[in-house]
Amino acid sequence: MAKRGGFPGGGMPGNMANLMKQAQKMQRQMEEQAKEMETREFVATAGGGAVEVTVSGTKQILKLKLDQEVVDPDDVEMLEDLIVAAVNEAMGKVDESSASAMSRLTGGMGGQIPGLF
692 MAKRGGFPGG
702 GMPGNMANLM
712 KQAQKMQRQM
722 EEQAKEMETR
732 EFVATAGGGA
742 VEVTVSGTKQ
752 ILKLKLDQEV
762 VDPDDVEMLE
772 DLIVAAVNEA
782 MGKVDESSAS
792 AMSRLTGGMG
802 GQIPGLF
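Under our numbering, think of the first position of the sequence shown as 692, with each following residue one higher.
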C-alpha cells in the first residue's frame, strides 16, 4: 500500500520552495522600505502652527520651529505642552506611514506574524 502525505523523493515540495522565495522577496522589500523611511521627513504642528516639528522616519527630531508669539516667559507650560503635542503627532505620522507600508508588503498579515512589526 502506498504511503499517503509524503513527498516523493524526500525533497522540498514546490509550495515550500515558493513560500521560501516569497519570504526572501518580502524581506528584501522590508529592507528597502526601512531604507526609504530613513530618508523621509514628517512635519506636524500644534497651536495653530505656532510650533512645528520635523522628524525623520527613524524618529529623530530634525527641526523645531517656534513662532515668537508663543514664547511667553510667564507661560512656559503652554509652550512645553505645544512642543509635546507636535512631537507626538509627528511620531504618530511616522508610525502610521511605517504600518501602512508594512501592511502593503505583508498583505495585511503583519500584525498576525510574531516578530513581524
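A virtual CB, placed ideally from N, CA and C, is assigned to each residue, including glycine. No experiment lies behind these values; they were computed from the predicted model shown.
Between residue 735 and residue 778, the C-beta gap is smaller than 9 Å, which places the two residues in contact. Counting only the Cα atoms, residue 746 lies some 5 Å from residue 753.
Inclusion of residue 762 and residue 770 in the CB contact set at 9 Å is warranted, their separation being smaller than that value.
For the options 717, 788 and 743, the alpha carbon positioned closest to that of residue 731 is the one of 788. Of the residues assessed, residue 710 falls on the exposed side of the cut-off, its CB having fewer than 16 other CB atoms within 10 angstroms. Residues 736 and 756 of the same chain have their beta carbon placed closer than 6 Å to that of residue 743, with the five preceding and five following residues left out of the count. Secondary structure of residue 750 (DSSP, three-state): coil.
For the pair residue 782 and residue 717, the Cα-to-Cα distance works out to about 25 Å.
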